[in-house]
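Asks:
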Amino acid sequence: MAINSYYPVPELEEYAERFKEFFKFKRENGILEVQMHTKGGPVKWSYQMHHALAELWTVIGHDKKNEVLILTSSGDKWINEWDVESFKEVEQSPDDDQRYDVQIYDTLKIVENFVNDIEIPTIAAINGKGIHWEMCMMSDITLCTPDFILQDDHFGMDSGHVPGDGMGLCLQEILGIKRGNYAMLTCQSFDAQKCLELGAVNEVVERDQIVERAWELARDIMKKSRSCRRMTHYICVRPWKAVVERDFRIHVISEMYSFNLSHSEHDFEYIKYDEDK
């Protein structure tokens, strides 16, 4: 008999309680749906949510009862509201260690943990307009609603921010270098239909049907053997692992170095999604 017992990995009930301020969980037959929220409604983006996402991917990845991941958000928006005070507390703070932890470490881990720690098929259901869609672009399958707009506004904010948190990386990888660079430097936007044509998303689905469509796809995936599902995901995510390993840290460090050199703060009033689209 072995000397030691296996380390007890946190169960869904445990981490659902720990993360309840940020996510709602639903799991059926190995399919885990994660719905982002703030106080039960649309997400208000904050450094606290930032940190929670980075930690969430590792916890989900370590739970072997999870076999397919569906990621979505609450209400009729993806991430398109902001907890302004959360950003002020950090960006106006004299605490350099705090800024490093949230601006560099957490920014890195949101993406690195998503591509490295999640070892099951991933489906993103983008339920409306919003920022930080890099996790969705890096998912194996990406669905979006007709009002979704693919856009990285960093370069257009106040004195300009380097597009380094992952969205710019995705634009280059999905759209190609020339088109991606142009989109970063001009803050060009792409509506849902154009995203479909360019291959940035796989399906455009009405909001009231998008989560059920994600579950339909997940159930089809679950019909395959466990080894087949997981090894196919390895192939799907491999290009993202490569580009994240090669380029992502220089993207993040470039953004945050410039951000702090210019004593910048986030200007969420700038977000300029065209409401007519």
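Numbers 1 to 277, taken from UniProt numbering, label the letters of the sequence shown in order.
Ideal placement from N, C-alpha and C gives every residue a C-beta, glycine not left out.
Since the structure is predicted, the reported quantities are computational estimates derived from the model, not experimental observations.
#1: For the alpha helix (DSSP H) holding Phe-259, just list the boundary residues, first then last.
#2: Let me check understanding here. Comparing Cα to Cα, which of Trp-57, Arg-179 and Arg-219 lies closest to Val-34?
#3: Quick check on Trp-215: does DSSP put it in helix, strand or coil?
#4: Is Lys-109 buried or exposed, if buried means 16 or more other CB atoms sit within 10 Å of its CB?
#5: Spatial neighbours of His-50 within its chain, please: C-beta separation below 6 Å, excluding the five flanking residues on both sides.
#6: With 16 other CB atoms within 10 Å as the buried threshold, where does Cys-170 fall?
#7: Excluding the 5 residues flanking Gly-130 on each side, which residues of the same chain have their C-beta closer than 6 Å to its C-beta?
#8: Where does Trp-45 sit, in a helix, a strand or coil, going by DSSP?
#9: Quick one: give me the first and last residue of the beta strand (DSSP E) that Ala-125 is part of.
#10: Given Met-167, which residues of its chain have a CB within under 6 Å of its CB, disregarding the five upstream and five downstream residues?
#11: Return the chain-ordered ranges of every alpha helix (DSSP H) run that is complete within the segment 21 to 81 and spans a minimum of 4 residues.
#12: Measuring alpha carbon to alpha carbon, tell me which residue in Ile-235, Glu-255, Met-137 and Gly-75 is nearest Val-43.
#13: For Phe-22 and Gln-48, what's the separation of their Cα atoms in angstroms?
#14: How would you label Ser-46, buried or exposed, when you count the other beta carbons within 10 angstroms and need 16 or more for buried?
#15: Put Thr-232 into one of helix, strand or coil per three-state DSSP.
#16: Mapping DSSP to helix, strand and coil, what is Glu-206?
#17: Out of Asn-66, Phe-25, Pro-163 and Tyr-15, which one is the CA nearest neighbour of Arg-226?
#18: May I have the straight-line CA-CA distance separating residue 280 from Gln-188, to the nearest angstrom?
#19: Taking the beta carbon of Asn-127 as the centre, do at least 16 other beta carbons fall within 10 Å, making it buried, or is it exposed?
#20: For the alpha helix (DSSP H) holding Cys-136, just list the boundary residues, first then last.
#21: Along the chain, where does the beta strand (DSSP E) that runs through Thr-142 open and close?
#22: Going by beta carbon distance, what residues of the same chain come within less than 6 Å of Cys-195, once the five residues before and after it are set aside?
#23: Could you check what DSSP says for Asp-191 in three-state terms: helix, strand or coil?
#24: In this structure, does DSSP put Ile-118 in helix, strand or coil?
#25: Could you please give the first and the last residue of the uninterrupted alpha helix (DSSP H) stretch that includes Ile-3?
#26: Anyone know if the C-beta pair for Ala-124 and Thr-142 falls short of 8 Å?
#27: What does the alpha-carbon distance come out to for the pair Ile-250 and Val-59?
#28: Taking 8 Å as the cut-off, decide whether the C-beta atoms of Asp-140 and His-37 are in contact.
#29: Assign Glu-9 to buried or exposed, taking buried as 16 or more other Cβ atoms, counted over all protein chains shown, within 10 Å of its Cβ.
Replies: In brief:
#1: 249 to 261
#2: The residue with the shortest Cα to Cα distance from Val-34 is Trp-57.
#3: helix
#4: buried
#5: Asp-106
#6: It counts as buried.
#7: Lys-77, Trp-78, Ile-79 and Asn-80
#8: strand
#9: Segment 122 to 126, the beta strand (DSSP E) holding Ala-125.
#10: Glu-134 and Asp-152
#11: 47 to 62
#12: The residue with the shortest Cα to Cα distance from Val-43 is Gly-75.
#13: 9 Å
#14: It counts as buried.
#15: Three-state DSSP puts Thr-232 in a helix.
#16: coil
#17: Asn-66
#18: Shown here, the chain extends from 1 to 277; a query on residue 280 therefore has no answer.
#19: Around the CB of Asn-127, 16 or more other CB atoms lie within 10 Å, so the residue is classed as buried.
#20: 134 to 137
#21: 141 to 144
#22: Leu-150 and Val-201
#23: strand
#24: coil
#25: No alpha helix (DSSP H) contains Ile-3, which DSSP labels as neither H nor E.
#26: yes
#27: 26 Å
#28: no
#29: According to the sequence as given, residue 9 is Val; it is not Glu. Per the 10 Å Cβ criterion, exposed.
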